[in-house]
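Here the protein sequences line up with chains G and W, keeping their order. Under my numbering, the first residue of the first sequence is numbered 3, with each subsequent residue one higher. Under my numbering, the first residue of the second sequence is numbered 3, with each subsequent residue one higher. The beta carbon of each residue, even a glycine, is placed where N, CA and C say it ideally should be. These numbers were taken from a predicted model, which means no experiment stands behind them. In what follows, a single structure is set out as structure tokens and then discussed.
Protein chains: 2
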Amino acid sequence: MKIKIKKDLLLEGLNKVSRAISTKNLIPILSGIKFDLSLEGLTLTASDNDITIQTFIPIENDNMYIEKEGSIIIQGKYILDIVRKLPDEYINIEVIDELKILIYAENSEFNLNGINKKEYPNISLENSKTFVKINNKVFKTLINQTAFATSNDESRPILTGINIKITGDILECSATDSYRLSKKQVKIDNVTNENYNIIIPGKNITEFIKILNDNNNDLEIHIFNNKVLFKQENLLFQSRLVSGNYPNVNNLIPNDSFLKVTANLSDLYDVIDRASILTSDKEKNIVTLETNKNVLIVKSSSAEIGRVEEKMIISKDNDEEIKISFSAKYMMDALKSFEGDMVEMLFVGEVKPIIVKDVEDPNLIQLVLPIRTY
Amino acid sequence: MKIKIKKDLLLEGLNKVSRAISTKNLIPILSGIKFDLSLEGLTLTASDNDITIQTFIPIENDNMYIEKEGSIIIQGKYILDIVRKLPDEYINIEVIDELKILIYAENSEFNLNGINKKEYPNISLENSKTFVKINNKVFKTLINQTAFATSNDESRPILTGINIKITGDILECSATDSYRLSKKQVKIDNVTNENYNIIIPGKNITEFIKILNDNNNDLEIHIFNNKVLFKQENLLFQSRLVSGNYPNVNNLIPNDSFLKVTANLSDLYDVIDRASILTSDKEKNIVTLETNKNVLIVKSSSAEIGRVEEKMIISKDNDEEIKISFSAKYMMDALKSFEGDMVEMLFVGEVKPIIVKDVEDPNLIQLVLPIRTY
Chain G
3 MKIKIKKDLL
13 LEGLNKVSRA
23 ISTKNLIPIL
33 SGIKFDLSLE
43 GLTLTASDND
53 ITIQTFIPIE
63 NDNMYIEKEG
73 SIIIQGKYIL
83 DIVRKLPDEY
93 INIEVIDELK
103 ILIYAENSEF
113 NLNGINKKEY
123 PNISLENSKT
133 FVKINNKVFK
143 TLINQTAFAT
153 SNDESRPILT
163 GINIKITGDI
173 LECSATDSYR
183 LSKKQVKIDN
193 VTNENYNIII
203 PGKNITEFIK
213 ILNDNNNDLE
223 IHIFNNKVLF
233 KQENLLFQSR
243 LVSGNYPNVN
253 NLIPNDSFLK
263 VTANLSDLYD
273 VIDRASILTS
283 DKEKNIVTLE
293 TNKNVLIVKS
303 SSAEIGRVEE
313 KMIISKDNDE
323 EIKISFSAKY
333 MMDALKSFEG
343 DMVEMLFVGE
353 VKPIIVKDVE
363 DPNLIQLVLP
373 IRTY
Chain W
3 MKIKIKKDLL
13 LEGLNKVSRA
23 ISTKNLIPIL
33 SGIKFDLSLE
43 GLTLTASDND
53 ITIQTFIPIE
63 NDNMYIEKEG
73 SIIIQGKYIL
83 DIVRKLPDEY
93 INIEVIDELK
103 ILIYAENSEF
113 NLNGINKKEY
123 PNISLENSKT
133 FVKINNKVFK
143 TLINQTAFAT
153 SNDESRPILT
163 GINIKITGDI
173 LECSATDSYR
183 LSKKQVKIDN
193 VTNENYNIII
203 PGKNITEFIK
213 ILNDNNNDLE
223 IHIFNNKVLF
233 KQENLLFQSR
243 LVSGNYPNVN
253 NLIPNDSFLK
263 VTANLSDLYD
273 VIDRASILTS
283 DKEKNIVTLE
293 TNKNVLIVKS
303 SSAEIGRVEE
313 KMIISKDNDE
323 EIKISFSAKY
333 MMDALKSFEG
343 DMVEMLFVGE
353 VKPIIVKDVE
363 DPNLIQLVLP
373 IRTY
């Protein structure tokens with residue numbers, strides 16, 4: 003293998019795939035990045051057995067000069083640091099005696115020990131026969147608005163994942179840790195009209211979102227029995243799936259409410275934020291919200307520290323009043339997911355979930371469970 | 003105590019003094035900030051018994067409205083968060099029933115439990131009869147260029163401090179952890195011409211530098227037997243001193259060298275940075291520098307990982323050559339302290355300290371000890 007390649011291009015590719023590098027190092031070879039050079043371009047692959055990321059840099063004009071095809075595994079940590087710190091426009095990479103890697107630029111020369119490609123696990127990144135298509139930006143927003151509600155508790159693995167349900171041209175994404183719930187529906191382009199219901203590990207999909215371009219192109223989602231492959235232009239991202247049945251979250255969302263409160267999103271966020279200053283983590287940041295005509299009051303108190311009372315103007319759809327307590331952190335997480343200026347909170351009862359929605363977008367629903375304080 | 007005060011002004015003061023708040027909480031009252039309100043203005047004080055910070059906000063135009071003088075101790079963590087998060091231009095603070103603190107703004111009301119001022123330790127922040135004066139900016143630069151070389155090893159407390167020696171109108175600042183040494187001399191205004199030789203804990207002086215304005219006004223240094231008080235306009239910063247005799251660092255600095263290498267500072271930094279990519283922490287980031295006519299070569303190697311060779315053009319004052327090994331991290335720390343474009347490295351021998359200086363400024367000296375690699 004011998005190539006001269008533009009530094010910025012190589013760095014961009016390495017930054018993407020290196021997110022899959024195993025830090026736990028249970029299998030030493032997985033701390034490496036696989037370089038596969040063909041006459042068409044350079045393919046970079048990294049995997050931690052849970053996720054696999056592959057990017058292909060096609061040859062174009064003067065972006066690379068390929069002298070000899072070949073493959074090698076290079077330690078991810080070092081190659082990333084070397085490429086990041088070299089000041090040159092082009093970097094040369096050459097494999098000598100099969101396992102010696104020579105990386106050089108004008109005034110720099112690195113000799114690294116490589117690993118034979120035969121030792122790298124054989125990871126299939128094939129397309130499925132059928133797939134669905136979704137706009138990159140729409141998908142990125144969808145995940146950002148829901149994935150935070152997944153659980154970190156490995157004792158219930160299903161809740162550590164997000165649920166993606168595809169029925170016809172509707173994709174529904176849900177996440178819940180059993181204390182709060184996020185759900186969003188979007189329209190997609192489902193070529194074959196097949197239906198799917200899968201659970202993707204929350205931390206994996208969050209990693210993917212970080213490297214996904216948020217342009218208006220389409221992302222392909224290829225779904226298999228035990229894995230999912232995302233395909234965006236020259237980027238492939240594959241994750242295992244969580245096995246099991248995801249709870250039917252639609253049963254958890256109340257259909258009717260006795261009171262709808264409409265509030266300015268950023269004011270509501272700030273009021274809850276300030277009301278929770280005196281609550282400590284061990285008390286779960288509990289605040290109490292109550293309405294009094296068109297005034298919303300958010301309170302909290304702690305015997306040792308003191309108490310807070312915050313007020314803001316809201317509008318209501320009727321004369322009913324509510325008094326309800328909840329985790330300020332969970333409510334603030336939920337509020338952060340909205341993009342509009344105004345949100346509505348729907349109250350079903352003092353011990354029933356609070357539904358939060360954007361006034362203008364019914365497709366995103368956030369649910370926060372109340373906490374009994376007596 | 004009752005005051006209405008501009009939020010930004012109060013926040014600025016709280017941010018300064020809160021750096022002294024004890025996080026260890028050995029003495030609970032030291033996690034509080036002391037408010038002293040007189041008709042002249044508001045004084046804020048915080049201390050962890052090691053350092054004490056006090057700032058005075060004088061009454062001016064409409065920056066505050068004082069309704070009632072008084073004193074109270076408020077939990078530092080909460081008052082800082084409250085003031086930071088309130089959106090209002092003015093904040094009201096009122097002490098009710100001696101120990102209840104009411105903090106309020108237009109839509110917010112906080113009731114905090116205060117602590118009686120009698121319980122706060124009595125810390126003297128008096129001036130000494132004599133003091134020295136130094137330009138703020140000059141002092142800030144001086145400390146930033148030297149304090150990094152102090153030791154973190156508490157078993158030799160003297161080396162965890164920086165040494166400040168004042169002889170006539172010369173202030174000499176030194177720091178060493180016995181592997182490297184930083185020394186700088188500046189001219190000062192010493193009114194009484196008294197001489198001083200003190201050791202200030204490195205982490206304390208570093209905290210002070212963070213809140214010191216780098217304007218062209220003067221800083222007063224009041225030196226006592228066991229403490230030092232810095233006074234800048236309305237800011238007081240007091241630190242204990244380390245007791246003991248600081249080593250005479252001038253004995254450690256070689257007077258003659260057999261070779262002077264002059265190099266571009268940022269190129270030299272980058273070359274050493276890249277040469278150390280493959281060295282791991284356990285190997286102390288050792289790199290080897292050698293000259294070959296007007297080429298400087300920096301190398302490192304590790305049996306498992308590989309080897310690097312970096313080159314750059316330099317100029318020398320004679321035909322001698324040098325080959326010497328040192329810690330890349332220590333050399334990079336030293337190089338970061340220079341502000342000019344060109345530095346010179348003076349070589350005394352393969353096992354003798356390397357002297358690094360700015361080509362145009364003889365007042366700052368960095369010394370890095372070599373490491374034997376055979």
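Burial state of residue i (16 or more Cβ within 10 Å)
i          : result
Pro-381(W) : Nothing about residue 381(W) can be reported from this structure: the residues present for chain W run from 3 to 376 only.
Gly-342(W) : exposed
Asp-275(G) : buried
Val-297(W) : exposed
Pro-60(W)  : exposed
Ser-24(G)  : buried
Arg-158(W) : exposed
Thr-152(G) : buried
Leu-280(G) : buried
Thr-375(W) : exposed
Asn-287(G) : buried
Glu-312(G) : buried
Val-19(W)  : buried
Leu-231(G) : buried
Thr-132(W) : exposed
Thr-194(G) : exposed
Leu-101(G) : exposed
Chain W residues whose Cβ lies nearer than 7 Å to that of residue i
i         : result
Phe-37(G) : The premise fails here: Phe-37(G) is roughly 15 Å from chain W at the closest Cβ pair, so nothing lies under 7 Å.
For residue j and residue i, the rounded distance between their alpha carbons
i          : j          : result
Asp-83(W)  : Leu-238(W) : 23 Å
Glu-108(G) : Thr-178(W) : 37 Å
Ser-303(W) : Asp-258(W) : 31 Å
Thr-45(G)  : Asp-216(G) : 22 Å
Ile-105(W) : Ile-225(W) : 39 Å
Leu-161(G) : Asn-124(G) : 30 Å
Asn-365(G) : Cys-175(G) : 10 Å
Lys-119(W) : Phe-340(W) : 46 Å
Asn-247(G) : Ser-33(W)  : 50 Å
Gly-43(G)  : Asp-90(W)  : 58 Å
Phe-349(W) : Gln-147(W) : 21 Å
Leu-254(G) : Ile-166(G) : 17 Å
Lys-79(G)  : Gly-170(G) : 43 Å
Met-66(W)  : Ser-241(W) : 30 Å
Glu-323(G) : Ala-336(G) : 22 Å
Glu-121(G) : Asp-52(G)  : 18 Å
Leu-243(G) : Ile-55(G)  : 15 Å
Gly-163(G) : Ser-268(G) : 29 Å
Leu-1(G)   : Asn-236(G) : Because chain G is modelled from 3 through 376, residue 1(G) falls outside the range shown and cannot be assessed.
Asn-63(W)  : Val-358(G) : 46 Å
Lys-209(W) : Leu-28(G)  : Going by the sequence as given, residue 209(W) is Glu instead of Lys. Cα-Cα distance, rounded: 41 Å.
Gly-308(W) : Thr-143(G) : 43 Å
Asn-218(W) : Lys-189(W) : 15 Å
Phe-58(G)  : Lys-139(W) : 51 Å
Bridge partners - residue i, DSSP secondary structure assignment
i          : result
Lys-325(G) : Glu-292(G)
Val-97(W)  : Ile-103(W)
Asn-266(W) : Met-344(W)
Gln-56(G)  : Thr-47(G) and Leu-238(G)
Tyr-332(W) : Paired residue(s): none; Tyr-332(W) is not in a bridge.
Lys-1(W)   : As displayed, chain W neither begins before 3 nor continues past 376, which places residue 1(W) out of reach and without an answer.
Tyr-198(W) : Ile-168(W)
Gly-351(G) : Its beta-bridge partners do not exist; DSSP assigns none.
Val-358(G) : Met-347(G) and Gln-368(G)
Asn-137(W) : Asp-220(W)
Lys-119(G) : Looking at the DSSP assignment, Lys-119(G) forms no beta bridge with any residue, so it has no partner.
Chain G contact residues for residue i, given Cβ-Cβ distances below 7 Å
i          : result
Asn-113(W) : Gly-308 and Arg-309
Asn-109(W) : Glu-312, Lys-313 and Met-314
Near-chain W residues of the region 267-293 of chain G (beta-carbon distance less than 8 Å), N- to C-terminal order: Asp-272, Val-273, Asp-275, Arg-276, Ile-279 and Leu-280
Within 8 Å of chain W by C-beta, residues of the region 304-317 of chain G in sequence order: Glu-306, Ile-307, Gly-308, Arg-309, Val-310, Glu-311, Glu-312, Lys-313 and Met-314
Interfacial residues, the region 60-94 of chain W to chain G, with Cβ spacing under 8 Å: Gln-77, Tyr-80, Asp-83, Ile-84, Lys-87, Leu-88 and Pro-89
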